[in-house]
Amino acid sequence: MTFYNDPYGVGRLKIRKMMERERAQKLDLITQQIASELKNISERLRELEAVKL
């Protein structure tokens with residue numbers, strides 16, 4: 665985005681903060697998904713080990 669009437673760069677700062685916030689939210693979502701997948705995998709492994717015994 666080009667801000668022509670923005671001598672102090674306030675618009676760019678707002679955009680940068682918004683992008684950083686979105687990036688942090690995406691990373692949080694990804695880590696939550698990874699954690700849930702690892703939990704599911706560990707539950708499946710427990711079930712398989714129980715069947716083998």
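Just add 664 to the spot in the sequence shown (first one is 1) and you have our numbering.
Glycine included, each C-beta is placed from N, C-alpha and C at the ideal position.
Run of the alpha helix (DSSP H) containing residue i, from where it starts to where it stops
i    : result
D670 : Here D670 belongs to no alpha helix (DSSP H), and DSSP marks it neither H nor E.
Span separating the alpha-carbon of residue i from that of residue j
i    : j    : result
Y668 : R708 : 57 angstroms
R680 : V674 : 10 angstroms
P671 : L677 : 12 angstroms
I694 : V715 : 32 angstroms
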